[in-house]
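Accompanying notes for the structure given below.
Numbering (mature numbering (1 follows the signal peptide of the UniProt record, and there is no 0)), first residue to last: -24 to -1, 1 to 474.
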């Protein structure tokens, strides 16, 4: 009986072994491997044992990467696959590109394999180790948006920027006295600068001194109007003597004190009610920023707040970008505390700079597309910023394009270059047209079409000049959208382009 059982057990083992070997031998001369080479023993793989002597089929298989063929992005594992994290980049697994790191940690990678552990602005880290806000990054996690009824709700503030160069335009010059009375709660004069040696606030030019008097004189006609001075601006951080001035000032307690004290004197001397800080942009390598700007900027703003509170001229505002690319370098949770409100530059989302950009490409799109602006506003909701302290930017100008194909003039078609310069703004590269210039062009252009999702109007002039712009109709839509999000107000760049 025992002998019979032994033979039976042996037979079962042999049978199972034969079956397992049959299953394991998953390739042959006619049964090809999906990946790798078929070894002489009938197994698929990528080593020399599989692809070398005795290989039966797909013997010319080449790994996606190897020691002499690194990955375009990421590390090459010993199995010939590209990726990130310890499975691909550790010393025991990697054969080339082993210093590559993911931007963020999707979970379990560890500090040695990532640039940063957590994404800026509380955005999501995808399973591949990159930061973003769409479903592929956030896997269905939704941001809680503020909600208000727009019926009967009015914005708390209307902020307008006055360009110091507007009175000197060759045509359509705009004077301080042209600012409509009773429309704006805050008027901001753009721009003053900062001396790169003394770190004291200085006028943009000597000609501005008389303009200060004329702009602040508007308060006599409208006692509720507050007039601020804006410091900085885009050009202030262009390559040149002031490119790092904000950063140099913010990193030093002594320099911050010099700046704050000079601002107090400036406000009193020229009758301004406060200051708007327009640093474009802290931390951004392409804008002369430094990594430590992230920590230093809130300290600067807190020092300013304490100095301004010593006087009655204590309005403190901050201009912020809306895109993740630049906003990621702002510690907005810390910055919101000392300021009265943020002025959000929700414009210039598209322009001639899209050409050659692998993420955007040279496609026609409105630079004030409200669909995109709504997505960018999520960055503020992710960081618990009160909507009442946000001011939505509205543009009194367009970023125009010359289309690549006259028969294709809808959003998503390609552009060839920026639009033709206007007679007054004279932007020879960026395609800028003021609202005043667009108004003059409309009689010679196609009938405007309203894009209700983007909340813009689109017209084509001369058959190839693509103009997406805002007017009373679309501003109304955007103000209603701002009200639905409980925003504290709207801001105009620029009053002087009307």
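For each residue, glycine too, the CB sits at the ideal point set by N, CA and C.
On a predicted model such as this, the values are computed, not experimentally measured, just so you know.
Please determine if the region 125 to 143 and the region 325 to 344 are in contact, where contact requires at least 3 C-beta pairs separated by less than 8 Å. no
Let me check understanding here. Comparing Cα to Cα, which of 17, 57, 44 lies closest to residue 11? 57
Please look up how many angstroms separate the CB atoms of residue 176 and residue 238, rounded, as I've assumed it's under 8 Å. 4 Å
For residue 52, list the residues DSSP reports as bridge partners. 58, 72
On the three-state DSSP scale, how would you describe residue 286? coil
If we ignore side chains and look at the alpha-carbon of each, how far apart do residue 76 and residue 228 end up? 35 Å
The region 104 to 112 in contact with the region 129 to 144 per 3-pair CB rule at 8 Å: no
Look up residue 373 in the DSSP assignment and give the residues it is bridged to. 410
Please confirm if the region 449 to 469 is in contact with the region 357 to 371, defined as three or more CB-CB distances below 8 Å between the two stretches. yes
Measuring CB to CB, does residue 303 end up less than 8 Å from residue 277? no
Nearest-angstrom Cβ-Cβ length linking residue 435 and residue 424, presumed shorter than 8 Å: 5 Å
Do you know how far the Cα of residue 352 is from the Cα of residue 461? 13 Å
Report buried or exposed for residue 449, applying the criterion of at least 16 other Cβ atoms within 10 angstroms of its Cβ. exposed
At a cut of 8 Å, does the region 400 to 407 reach the region 318 to 332 through at least three beta carbon pairs? yes
In chain order, what residues of the same chain lie with their CB nearer than 6 Å to the CB of residue 397, ignoring the 5 residues before and after it? 403, 404
Measure how close the beta-carbons of residue 211 and residue 254 come, nearest whole angstrom, since I'm counting them as under 8 Å. Contact doesn't hold; Cβ gap of about 11 Å is too wide.
Within 8 Å, strictly: CB atoms of residue 294 and residue 442: no
Along the beta strand (DSSP E) that carries residue 466, what are the first and last residues, could you check? 465 to 469
Please confirm whether residue 411 and residue 473 have their CB atoms less than 8 Å apart. yes
Would you mind working out which of 458, 89, 242, 163 sits nearest residue 179, comparing C-alpha positions? 242
State the Cα-Cα distance for the pair residue 111 and residue 118, rounded to the nearest angstrom. 9 Å
With DSSP as the reference, label residue 42 as helix, strand or coil. strand
Under 8 Å between the Cβ atoms of residue 157 and residue 196? no
If the criterion is Cβ atoms closer than 8 Å, does the pair residue 64 and residue 51 meet it? yes
Which of helix, strand or coil DSSP assigns to residue 380: coil
From residue 445 to residue 315, what does the alpha carbon distance come to, in whole angstroms? 31 Å
On the three-state DSSP scale, how would you describe residue 245? helix
By the three-class DSSP mapping on this structure, what secondary structure does residue 109 have? coil
When you compare the CB positions of residue 236 and residue 269, do they come within less than 8 Å of one another, or not? no
Take residue 422 and list the residues in its own chain whose beta-carbon comes closer than 7 Å to its own, dropping the five residues that flank it on each side. 435, 436
In the DSSP assignment, what are the bridge partners of residue 297? 321
Does the beta-carbon of residue 417 have 16 or more other beta-carbons within 10 angstroms, so that it is buried, or is it exposed? buried
What's the gap between the Cα of residue 144 and the Cα of residue 74? 58 Å
Continuous alpha helix (DSSP H) stretch holding residue 455: start and end: 448 to 460
Using CA coordinates, which residue listed in 263, 244, 200 is at the minimum distance from residue 219? 263
Rounded to whole angstroms, what is the Cα-Cα separation between residue 114 and residue 148? 48 Å
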